[in-house]
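To start, the structure under review is shown below, and the notes come after it.
Residue numbers (the numbering used here): -14 to 142.
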């Protein structure tokens, strides 16, 4: 099975003035943009935050059958949640249980009650998320607040 990554949404950004968009300053990563060469605008940050709400879920809202990323060793495995344990231990954490597809081994991980869990999506669902994020960004003002008129995205030639 090949892994398909989501084509990232075009979030509005501006070029870093400190490094003139190169990401380097005196041979090292630019300290202002962390070597990226650009910053997200307020509109881009709001769209990025909206995207996180589509890709994550509160641990207490996870239900049996949801497909989430389980951390296993140094990697993550996407599998369906088979059982949810609430109020585990003295700190009332949530434990999610699943099964590894390749080996059939039981896997579980514990997360805080208010913690976030990454949802696993199909490539088609990720394309829908990308379209929703770009459409949402088009409805925002420069300040990142909702606007009554959608703006047009500039297309690169």
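We put the beta carbon where it would ideally sit given N, CA and C, even for glycine.
Quiz prompt | Endpoints, alpha helix (DSSP H) assigned at residue 41 | solution = Boundaries for residue 41: no alpha helix (DSSP H) harbours it, while the beta strand (DSSP E) harbouring it runs 41 to 43, taken from the DSSP string.
Quiz item: Which residues in the same chain as residue -14 place their Cβ atom closer than 8 Å to its Cβ, once the five residues preceding and following it in sequence are excluded?
Solution: With a pLDDT of 43 at residue -14, under the threshold of 50, the modelled position of this residue cannot be trusted; read the value that follows with caution. None.
Quiz item: Between the C-alpha atoms of residue 130 and residue 41, what's the straight-line distance to the nearest angstrom?
Solution: Answer to the nearest angstrom: the Cα atoms are 22 Å apart.
Quiz item: Looking at C-alpha atoms only, which residue of 0, 100, 16 is the closest neighbour of residue 77?
Solution: Measuring C-alpha to C-alpha distances from residue 77 to each of 0, 100, 16 identifies 100 as the nearest.
Quiz item: Do three or more CB pairs link the region 17 to 37 to the region 114 to 131 at distances below 8 Å?
Solution: Result yes; three or more Cβ-Cβ pairs closer than 8 Å.
Quiz item: Are the beta-carbon atoms of residue 83 and residue 97 separated by less than 9 Å?
Solution: Not in contact: residue 83 and residue 97 (Cβ atoms no closer than 9 Å).
Quiz item: Grouping DSSP H, G and I as helix and E and B as strand, with all else coil, what is residue 62?
Solution: Residue 62: strand per DSSP, three-state reduction.
Quiz item: What did DSSP end up calling residue 19 once you bin it into helix, strand or coil?
Solution: Reduced to three states, the DSSP call for residue 19 is coil.
Quiz prompt | From 19, -3, -4, residue whose alpha carbon lies closest to that of residue 7 | solution = Looking only at 19, -3, -4, the smallest Cα-Cα distance to residue 7 is reached by 19.
Practice problem: Sort 85, 115, 111, 14 by Cα distance to residue 56 and report the nearest one. | Solution: Cα-wise, what sits closest to residue 56 is 85.
Quiz item: For residue 129, which of helix, strand or coil comes out of DSSP?
Solution: Coil at residue 129, not helix or strand.
Quiz item: Leaving out the 5 sequence neighbours to the left and right, which residues in its chain are closer than 7 Å to residue 128 when beta-carbon positions are compared?
Solution: Only 27 meet the Cβ criterion.
Quiz prompt | Residue of -6, -3, 13 minimising C-alpha distance to residue 4 | solution = Closest by alpha carbon: 13.
Practice problem: Can you tell me which of the three DSSP states residue 2 falls into? | Solution: Reduced to three states, the DSSP call for residue 2 is coil.
Quiz prompt | Close Cβ partners of residue -8 (< 7 Å) along its chain, the five nearest in sequence each way excluded | solution = 115.
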